[in-house]
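Report on one structure; see the data block that follows.
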Amino acid sequence: MTDTSDRLSRRHFVGATGAATLTGLAGCSGGGDGGDGSDGSDGSDGGDGGDGGDGSDGGAPLEVLHAWTGGDGARAAQALVTAFEEEYPDVEHEFNPIGGGGNQNLDAVIANRLQNNDPPGAFANWPGPNLQRYDGVLGEVDDVWESEGFADVMVDEAVDLHQYNGAYRAVPLGSHRLNCLFYNTSVVEDAGVDPDSLTSVSAFIDALETVQSETDAIPMTHGASGTWTTTQLFSSTMLGQEGYEAYMNFLDGSPDEAAVQATFESLAEILDNYINEDASSIGLTESNQNIIEGNAAFIHQGNWAAGAYRNAEDFSYNEDWGFKTYPGSEGMYMLHFDSFLYPSGNPTPDAADKFMQFVGSEAAQVAFNQYKGSIPTRTDVDMSQFGPYLQETQEDFASADERPPNLQHGLGVPSETMTALNDVISSEFSGPYNVEAATQGFVDAVSN
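Dropping the structure here:
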């Protein structure tokens, strides 16, 4: 956390780290145990037809859980809290950050809380198929969407993906793009590499070889202390190398085994030869620091990486760092949403409703996204308030030929499938890189 977090402590800006031990949502949902990624679905409507509260908060503070604790998110979270306080100065609150990449620790804490019938007022998470894991424990926020006119001002995908079992269960805060390749301009210039020329995965691999032979820098920095970064890299590599149709078929449960294997072959070449030696022991924040400090040429990440660049001193877009679409996926915007979900049995329904209204507002989306490296999901926000990189991102979103859903962060496959994929990465593709076993594992995980 940065030093500005001190001023948030007057309203209990409580930190929590480490994953909670849990077996899942057994007892909260009607089906499977949820702990292994199953959605626990029993065909119910996912709620009790309302917000689950009694219409009063009983003096309790609004509790909001999220995972934005590192250099790519802490400042954005602080800006969101400040804007909420300005909008609702009389609402007492506790914004509690749960550290850990890819929402892994946050997911564990949320599951434990819901299992024990101790929900927060709201929690950050992902919409789309990810909502299946919370079947039966989410309330409705249809009244919020209607009163605020969100369906008229949000991008189409946000309107569709925040509904589950016939009702809105969440409100979007911002949109990230995941098929991104960032680079340190000095390093690539020293290597004699032109990033704009990298329009295929094979050309990218050639560039990594050039960086390795011409400089002392890490060709591609990677933080793999958690499996999610490698699974995410798989998705961008598959989209760039095998194309939109093969990628969508994979998500839809009809994978082309040859395309999956070819993707893993390219990944094995990259991970075996061109990443940092400490990759297995560091996460996203530390890995991204290699770009900021000039120790590495390239990094693949969602555009939250750019949020860290904005928050770094003397590190300017197009001068010190640059961006290009992940090689081969030009014209596509791999879609991701940051959202807040609304639990049923809500302990503070009045304050939680106010917060959900706020999340979808222009004030919230400007405050958060300009520091998070993401763009608003509202279509009526003046982008002149954002820097040039995010303005370009918004233009890319608007003009994209395709907006495929991301694989790792909730939109592409249900959580149980995502857990199975990450298990394959952990067991078969974390060094040594077993292409055949990983291919079979991925094909089995997604196949209908």
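Going by the UniProt record's numbering, the first residue of the sequence shown is number 1, and it counts up by one from there. We put the CB at the ideal spot given by N, CA and C, even for glycine. Being a predicted model, the structure only gives us computed values, none of them experimental.
Point to revise | Expected contact under 8 Å - CB spacing of Leu173 and Val359 to nearest Å | key: Within the sequence shown, residue 173 is the residue found at index 173, counting from 1. Within the sequence shown, residue 359 is the residue found at index 359, counting from 1. That belief holds up - the Cβ atoms of Leu173 and Val359 are roughly 5 Å apart, short of 8 Å.
**Study point:** Unbroken alpha helix (DSSP H) run spanning Leu161, endpoints
**Key:** Working through the sequence shown from its first residue, we reach residue 161 at position 161. That run of the alpha helix (DSSP H) goes 156 to 161.
Point to revise | Buried versus exposed, by CB contacts within 10 Å (16 or more), residue 449 | key: Not covered by the structure: residue 449. The range shown for the chain is 1 to 448.
Point to revise | Residue from Leu65, Asn290, Thr199 whose Cα sits closest to the Cα of Pro219 | key: Position 219 of the sequence shown, counting from 1, holds the residue named residue 219. That would be Asn290, whose Cα lies nearest to the Cα of Pro219.
Point to revise | DSSP beta-bridge partners of Arg378 | key: The sequence position of residue 378 within the sequence shown is 378, counting from 1. The partner list for Arg378 (beta bridge, DSSP) reads Met154.
**Study point:** Three or more C-beta pairs below 8 Å linking the stretch 390 to 408 and the stretch 329 to 347
**Key:** yes
Review point. Any idea which residues DSSP pairs Val171 with across the strands?
Key: Within the sequence shown, residue 171 is the residue found at index 171, counting from 1. Answer is Phe340, bridged to Val171.
**Study point:** Residues near Thr393 in its chain [Cβ-Cβ closer than 7 Å; skip 5 each side]
**Key:** As a working note, residue 393 is residue 393 in the sequence shown. So the qualifying residues of the chain are Arg177, Asn303, Ile375.
Review point. Alpha helix (DSSP H) containing Met356: first to last residue?
Key: Here residue 356 corresponds to residue number 356 of the sequence shown, with the count starting at 1. Residues 349 to 359.
Review point. With a Cβ-Cβ cutoff of 8 Å, do Gly100 and Ala67 count as a contact?
Key: Along the sequence shown, read from residue 1 onward, the residue named residue 100 stands at position 100. Along the sequence shown, read from residue 1 onward, the residue named residue 67 stands at position 67. Contact: yes.
Review point. Any idea what DSSP makes of Met238, helix, strand or coil?
Key: The residue given as residue 238 occupies position 238 in the sequence shown. Three-state result, Met238: helix.
Review point. Once you ignore the five residues that flank Ala306 on each side, which residues in its own chain have a CB closer than 6 Å to its CB?
Key: Counted from its first residue, the sequence shown places residue 306 at position 306. Excluding sequence neighbours, Ala306 sits near Gly373, Tyr389.
Exercise for review: Within the same chain, show all residues whose beta-carbon is closer than 6 Å to that of Leu233, passing over the 5 residues directly before and after it, in chain order.
Suggested key: By 1-based counting over the sequence shown, the position of residue 233 is 233. His300.
Review point. Nearest-angstrom Cα distance between Glu209 and Ala437?
Key: By 1-based counting over the sequence shown, the position of residue 209 is 209. By 1-based counting over the sequence shown, the position of residue 437 is 437. Each residue's Cα considered, the two are about 26 Å apart.
Practice item. Measure the CB-CB distance between Ala262 and Tyr433 and report whether it falls below 8 Å. Key: By one-based count along the sequence shown, residue 262 stands at place 262. By one-based count along the sequence shown, residue 433 stands at place 433. No, the pair does not count as a contact, with Cβ atoms beyond the cut-off.
Check your understanding: Exposed or buried, Gly410, counting other C-beta atoms within 10 Å across all chains shown (16 or more means buried)?
Key -> Numbered from its first residue, the sequence shown carries residue 410 at position 410. The residue is buried, with at least 16 neighbouring Cβ atoms inside 10 Å.
Review point. Can you tell me whether Glu157 is buried or exposed, with buried defined as 16 or more other CB within 10 angstroms of its CB?
Key: Start at 1 with the first residue of the sequence shown, and residue 157 comes out as number 157. So Glu157 ends up on the buried side.
Exercise for review: Give the single residue among Gly149, Met383, Val424 whose Cα lies nearest to the Cα of Gly226.
Suggested key: Within the sequence shown, residue 226 is the residue found at index 226, counting from 1. Answer by Cα proximity: Val424.
Check your understanding: Exposed or buried, which one is Asn184 when buried takes at least 16 other CB atoms within 10 Å?
Key -> On the sequence shown, position 184 is the one that residue 184 refers to. That one is buried.
Exercise for review: Quickly, what does DSSP pair Pro97 with across the bridge? List them, please.
Suggested key: Locating residue 97 in the sequence shown gives position 97, where the first residue counts as 1. Per DSSP, His66.
Exercise for review: For the alpha helix (DSSP H) holding Ile275, just list the boundary residues, first then last.
Suggested key: For the purposes of this step, residue 275 is taken as residue 275 along the sequence shown, with counting starting at 1. Ile275 -> no alpha helix (DSSP H), and no H or E assigned at all.
Review point. Under the DSSP definition of a beta bridge, which residues are partnered with His300?
Key: Numbered from 1 along the sequence shown, position 300 holds the residue referred to as residue 300. Answer by DSSP bridge pairing, in chain order: Leu181.
Exercise for review: Identify which residue in Leu131, Gly328, Glu416 has its Cα closest to the Cα of Gln241.
Suggested key: Translated into positions along the sequence shown, residue 241 becomes position 241. Comparing Cα-Cα distances from Gln241 to each of Leu131, Gly328, Glu416, the minimum goes to Gly328.
Practice item. Flag this pair as touching only if the stretch 194 to 213 and the stretch 315 to 329 have three or more C-beta atom pairs under 8 Å; answer yes or no. Key: yes
Exercise for review: Report yes if the C-beta distance between Tyr317 and Arg75 is below 8 Å; otherwise report no.
Suggested key: Reading the sequence shown from its first residue, position 317 is the one you call residue 317. Reading the sequence shown from its first residue, position 75 is the one you call residue 75. No, Cβ-Cβ distance for Tyr317 and Arg75 is not below 8 Å.
Exercise for review: Taking 8 Å as the threshold, find out whether the stretch 57 to 66 comes into contact with the stretch 123 to 142 through three or more Cβ pairs.
Suggested key: yes
**Study point:** First and last residue of the uninterrupted beta strand (DSSP E) at Asn125
**Key:** Here residue 125 is taken as the residue at index 125 of the sequence shown, counted from 1. Segment 122 to 125, the beta strand (DSSP E) holding Asn125.
Review point. What span of residues does the alpha helix (DSSP H) with Pro219 cover, start to end?
Key: By 1-based counting over the sequence shown, the position of residue 219 is 219. Pro219 -> not in any alpha helix (DSSP H); beta strand (DSSP E) instead, spanning 218 to 220.
Check your understanding: Pick from Ala108, Pro89, Gln104, Val81: whose alpha carbon is nearest that of Phe95?
Key -> The sequence position of residue 95 within the sequence shown is 95, counting from 1. Here the closest residue by C-alpha is Val81.
Practice item. Could you name the residues of the same chain whose beta carbon sits closer than 6 Å to that of Asp444, not counting the 5 residues immediately before and after it, in chain order? Key: By 1-based counting over the sequence shown, the position of residue 444 is 444. Closer than 6 Å at the Cβ level, and outside the excluded window around Asp444, lies no residue.
**Study point:** Where the beta strand (DSSP E) containing Gly441 begins and where it ends
**Key:** Position 441 of the sequence shown, counted from the start, is the residue given in the question as residue 441. Taken as a continuous stretch (DSSP letters only), Gly441 belongs to no beta strand (DSSP E), being part of the alpha helix (DSSP H) at 435 to 446.
Exercise for review: Could you give the DSSP three-state label for Met383: helix, strand or coil?
Suggested key: Residue mapping note: residue 383 aligns to position 383 of the sequence shown, counting from 1. Three-state DSSP puts Met383 in a helix.
Check your understanding: According to DSSP, is Phe323 helix, strand or coil?
Key -> Locating residue 323 in the sequence shown gives position 323, counting from the first residue. In this structure, Phe323 counts as strand in the three-state DSSP scheme.
Check your understanding: Are there 16 or more other CB atoms within 10 angstroms of the CB of Asp252, so buried, or fewer, so exposed?
Key -> If you number the sequence shown from 1, residue 252 lands on position 252. So Asp252 ends up on the exposed side.
Check your understanding: Cα separation between Ile282 and Phe442?
Key -> Locating residue 282 in the sequence shown gives position 282, where the first residue counts as 1. Locating residue 442 in the sequence shown gives position 442, where the first residue counts as 1. One C-alpha to the other measures close to 24 Å.
Review point. By Cβ distance below 6 Å, which residues in the same chain neighbour Ile275 in space, the five residues on each side in sequence not counted?
Key: Counting from one through the sequence shown, the residue named residue 275 turns up at place 275. Once the five neighbours on either side are set aside, the close Cβ partners of Ile275 are Met220, His222.
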